[in-house]
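Engineer:
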Amino acid sequence: MISPEVLRRYPYFAQISDESVKQLAMLAEEKRVPAGTIMFRGGDPAAHLSVILKGEVSIQYELGNGELRTVDNLVAGDLLGWSALVEPYRYTAIATAVQGLELAAIDAAKLRDLCERDPLLGYRLLTQVAKLLAHRLEGARVQLAAID
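Heads up: the sequence shown is residues 14 to 161, going by our numbering.
Written out as structure tokens, the structure reads:
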């Protein structure tokens, strides 16, 4: 469990009730990840939705020719692992810790159960995920436009 105040620092949780934030905090744990660690690859089960508390993560897609393209770099305050909330609950990219990370990692299965019981929480989180996806899609579009 992490402190609910940790989650309250981030805009993703601004419009979520105090009780729901407390429940989210009970599902979360602080994790440390060393620089250079591949955290997940596309196709892996999405086990966590995380808030980056410290550090940086590179998000890459593998092109058909095997080349890796960076589409985003996530830093403190960003959400990592949106796939934890969207079926089929599998990561879609490669995430690598560029710097050592501190994360508030929320268990995906328990989070989905909580969202089923608290639909307003689910709506608020999915709204934030939709914003994140729009940003990530724009990054992918820019990268694809740069391909020879």
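Backbone N, C-alpha and C fix where the C-beta goes; we use that ideal spot for every residue, glycine too.
Source: prediction; values computed, not measured.
Can you name, in chain order, every residue of its own chain whose Cβ lies under 7 angstroms from the Cβ of Arg82, other than the five neighbours on each side?
Structural biologist: Gln73, Tyr74, Leu76 and Gln156
Engineer: Can you tell me which residues form a DSSP beta bridge with Val155?
Structural biologist: In DSSP, Val155 forms no bridge with anything.
Engineer: Would Ala48 pass as a contact of Gly135 if the rule is Cβ separation under 7 angstroms?
Structural biologist: no
Engineer: Which residue spans inside the stretch 88-151 form an unbroken beta strand (DSSP E) run of at least 3?
Structural biologist: Inside the stretch 88-151, DSSP marks whole beta strand (DSSP E) runs of 3 or more residues at positions 107-110 and 114-120, from first to last along the chain.
Engineer: Between the beta-carbon of Leu87 and the beta-carbon of Val70, is there less than 7 angstroms?
Structural biologist: yes
Engineer: Please classify Leu133: is it buried, with 16 or more other beta-carbons within 10 angstroms of its beta-carbon, or exposed?
Structural biologist: exposed
Engineer: If I'm right that Ala59 touches Ala121 with Cβ under 8 angstroms, what's the distance once you round it to whole angstroms?
Structural biologist: 6 angstroms
Engineer: Three or more C-beta pairs under 8 angstroms: does that hold for the stretch 29-36 against the stretch 96-110?
Structural biologist: Not touching, per the Cβ criterion.
Engineer: Which term fits Leu98, buried or exposed, when burial requires 16 or more other beta carbons within 10 angstroms of its beta carbon?
Structural biologist: buried
Engineer: I need the straight-line Cα distance from Ala158 to Gly55, nearest angstrom please.
Structural biologist: 22 angstroms
Engineer: Would you report the Cα separation of Gly90 and Gly68, rounded to the nearest angstrom?
Structural biologist: 10 angstroms
Engineer: With distance defined between alpha-carbon atoms, name the residue in Arg21, Phe53 and Ile29 nearest to Thr140.
Structural biologist: Ile29
Engineer: Quick check on the burial criterion: 16 or more other C-beta atoms within 10 angstroms. Buried or exposed for Gly94?
Structural biologist: buried
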